[in-house]
Amino acid sequence: MFLHIMGATRDTMDFRILDLLQHNALLTADQLAAQLPLSASAIARRIRRLRESGAIAADVSILSDEVGPFLSAVVQVQMDRHALAAVEALLRRLTASPQVQLFLDVSGTFDLMLLVTVRDMDAFNAFADEMLASDPVVRRYETSFVKRRRKFSPALPLDLA
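Following UniProt numbering, the numbering of the sequence shown begins with 1 at its first residue and continues without gaps.
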């Protein structure tokens, strides 16, 4: 089976490789070859092609809670869309902020949804004051603090059936 996605043709084997790598990017071509009916060199070529085409955007390390205590909050933002340049400036600042782990444009009452992670409540208050409360583009925002992270996965649900 071949799928033409975003200017590149990918077959089932590409998607099986992508599925394995998005759950563990440290797997070597040899380790992948033990799970797939391809040689390590063929898998290495495919991975290189997937990176060059942009199908693999980045390899990252997901840190555990052992790194230290963090405070996470889901923040919903409603904007006043009176000045496009000011809105774009806010969006750029939020995108550049290391505290913003997830940044979504959403439908409904709110315009944006953020996952903000900081060291503690003082750091959250500083973030909210600087990034949201003081910005005239922000009409209002609501915050829900994360009590416990039950699941966190950046993996996309690839349909391999």
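Heads up, the beta-carbon is just placed ideally off N, CA and C, and yes, glycines get one too.
No experiment lies behind these values; they were computed from the predicted model shown.
Residues bridged to residue i (per DSSP)
{"i": "S72", "result": "T117"}
{"i": "L156", "result": "Per DSSP, none; premise fails for L156."}
{"i": "R139", "result": "R139 pairs with nothing; no bridge assigned."}
{"i": "V60", "result": "DSSP lists no partner for V60."}
Cβ-Cβ distance between residue i and residue j below 8 Å
{"i": "V100", "j": "L114", "result": "yes"}
{"i": "L160", "j": "D14", "result": "no"}
{"i": "A73", "j": "F152", "result": "no"}
For residue j and residue i, believed in contact at Cβ under 8 Å, the rounded distance
{"i": "T95", "j": "F103", "result": "6 Å"}
{"i": "L71", "j": "R119", "result": "7 Å"}
{"i": "L132", "j": "V67", "result": "About 26 Å; that fails the 8 Å criterion."}
{"i": "T143", "j": "V75", "result": "5 Å"}
{"i": "A25", "j": "A40", "result": "Not really, about 16 Å apart at Cβ, beyond 8 Å."}
Cβ-based burial, residue i [other Cβ within 10 Å; buried from 16]
{"i": "R140", "result": "exposed"}
{"i": "D11", "result": "exposed"}
{"i": "D129", "result": "exposed"}
{"i": "V116", "result": "buried"}
Cβ neighbours of residue i in the same chain (closer than 7 Å, five flanking residues each side left out)
{"i": "S23", "result": "Rather than Ser, the amino acid found at residue 23 in this sequence is His. Correct list, in chain order: A155."}
{"i": "R81", "result": "V87"}
Distance cut-off 7 Å: residue i Cβ against heavy atoms of the ligand GTP
{"i": "P157", "result": "This structure does not include the ligand GTP; it has no bound ligands of any sort."}
Beta-carbon contacts of residue i that lie in its chain and below 8 Å, excluding the five residues immediately before and after
{"i": "I17", "result": "L32, L36, I43, R46, I47 and L50"}
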